[in-house]
Amino acid sequence: MEITIRKMKKLLYLIMLLLIPTGVYAVPEKPEQFDQLEKELSLPCLEFGEESCTARFIAMSACTFVFGINQGKPIGESMDIADGLFVAIMRGNKIKPISMFNEEGDIKPEIRKEVKDRVRFCKDATEEAIPKIVSEKTGEEATPEFIAVATRTYGEWWLRTLEALRKGRKI
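Its first residue numbered 1, the sequence shown is counted upward by one per residue in my numbering.
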């Protein structure tokens with residue numbers, strides 16, 4: 001499946017629409033924005049492979065979470081937005097989220113590796129968000145060492161959170 005110039009223009013237009021009102025890191029908030037993403041954000045998953053598309057979408061949701069935190073949203077709201085984005089783009093690309101898990105309920109290794117690589121693209125935003133997350137959760141300041149480790153391992157933490165949800169564990 002080939003990405004046409006028309007589809008690329010639509011995607012760029014959609015991204016620009018989402019960026020204009022909120023700044024550099026757009027975070028969809030309204031149901032119609034998720035609906036629009038579901039309809040418009042379509043990748044050539046037959047070409048990339050379902051696992052690669054899934055990894056891209058997981059990384060997008062992980063980065064969206066930290067963008068929300070950095071825009072001053074509380075953890076719960078940022079998580080809801082990230083989850084809504086993930087569901088919308090998975091649905092829009094006709095990928096069932098269950099397909100990202102193996103029989104044990106773990107994220108498939110090929111998806112895990114790509115997510116961790118892709119989440120590094122939002123490293124600076126993650127590093128900025130970690131102290132805010134720690135402060136909201138604990139009321140304490142995060143140490144520079146904790147911020148460095150949490151930033152470096154953020155992709156793995158996001159994946160383990162998805163696995164915990166799949167396995168019915170409280171997060």
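Glycine included, each C-beta is placed from N, C-alpha and C at the ideal position. Bear in mind the structure is a predicted one, so any value in this text is a computation, not a measurement.
Distance check for residue j and residue i, CA to CA, integer angstroms please.
| i | j | result |
| --- | --- | --- |
| residue 111 | residue 51 | 6 Å |
| residue 128 | residue 84 | 23 Å |
| residue 137 | residue 143 | 14 Å |
| residue 122 | residue 116 | 11 Å |
| residue 104 | residue 135 | 34 Å |
| residue 113 | residue 45 | 18 Å |
| residue 152 | residue 109 | 19 Å |
| residue 47 | residue 77 | 34 Å |
| residue 74 | residue 145 | 23 Å |
| residue 139 | residue 70 | 17 Å |
Since I believe residue j is in contact with residue i (beta carbons under 8 Å), could you give me their beta-carbon distance rounded to a whole number of angstroms?
| i | j | result |
| --- | --- | --- |
| residue 81 | residue 68 | 5 Å |
| residue 66 | residue 125 | 5 Å |
| residue 53 | residue 93 | 6 Å |
| residue 165 | residue 107 | Not quite, the Cβ-Cβ distance comes to about 11 Å (not below 8 Å), so this is no contact. |
Quick check on DSSP: helix, strand or coil for residue i?
| i | result |
| --- | --- |
| residue 147 | helix |
| residue 130 | helix |
| residue 140 | coil |
| residue 72 | coil |
| residue 22 | Bear in mind that the predicted position of residue 22 carries a pLDDT of just 38, short of 50, making it unreliable; the figure below should be weighed with that in mind. Note: residue 22 maps to coil in three-state DSSP. |
| residue 153 | coil |
In terms of alpha-carbon separation, which member of the options lies closest to residue i?
| i | options | result |
| --- | --- | --- |
| residue 72 | 130, 49 and 161 | 130 |
| residue 132 | 87, 157 and 150 | 150 |
| residue 167 | 98, 140 and 120 | 98 |
| residue 155 | 109, 46 and 59 | 59 |
| residue 119 | 61, 47, 74 and 44 | 61 |
| residue 100 | 91, 55, 78 and 74 | 55 |
| residue 91 | 158, 57 and 141 | 57 |
What does residue i pair with, by DSSP beta-bridge criteria?
| i | result |
| --- | --- |
| residue 107 | 101 |
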